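Each residue of the sequence shown is one higher than the one before, starting from 1 at the first, in UniProt numbering. Cβ coordinates follow ideal geometry from the N, Cα and C atoms, glycine included. Note that the structure is predicted; figures quoted are calculated from it, not measured.
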Amino acid sequence: MSQDPAKGDVTDVTNWRPISLSRTLYKLYARCIEGRLTDWLVRNSVLSPCQKGFLPADGAFEHVHTLNRSLEKARTGRADRCVAWLDISNAFGAIPHMALEAAISACRARSGLVEIVRDLYDGASASVSVAAGNYSGH
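Spelled out as structure tokens, the structure:
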């Protein structure tokens with residue numbers, strides 16, 4: 001795993017994002033699973049219509065347009081608006097694997113999909129190079 005400075009002070013570890021250097025075969029396999037799962041979720045209306053991230057279409061544009069229209073109406077109509085931005089730190093990495101498996105089962109996907117997804121992360125480990133040497137863990 002390599003580190004990529006995302007923003008701010010490079011000496012602050014919270015400003016760094018890990019870049020995974022996975023094997024090519026693993027990445028191809030995971031991408032195939034992700035593509036098929038996304039297609040199935042969209043085709044079967046499993047995802048909320050509010051879900052815009054991590055989909056093939058640029059859904060963020062719709063949210064930005066809605067926000068701009070709301071702010072424009074507030075300015076021209078002299079009305080108040082309240083806007084909240086949520087930045088959920090490490091949102092994907094914080095999801096317990098059992099919750100992911102339960103969600104897949106709950107949407108009635110094929111029975112083998114849980115095992116396929118589990119196989120992607122089961123036994124995975126990481127090694128991070130630091131000045132004092134390498135740190136390895138699961």
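Counting C-beta atoms within 10 angstroms of its own C-beta, Val117 has 16 or more neighbours from the protein chains shown and is therefore classed as buried.
Take the alpha-carbon of Ser22 and the one of Gly123: they are about 14 Å apart. The Cβ-Cβ distance between Val46 and Cys107 falls below 8 Å. The three-state secondary structure of Trp85, taken from DSSP, is coil. Taking C-alpha positions only, Phe61 is separated from Gly53 by approximately 10 Å. Each residue's CA atom was taken as its position, placing Pro56 and Gly8 some 30 Å apart. In its chain, beyond the 5 residues on either side, Lys52 have a beta carbon closer than 7 Å to the beta carbon of His63.
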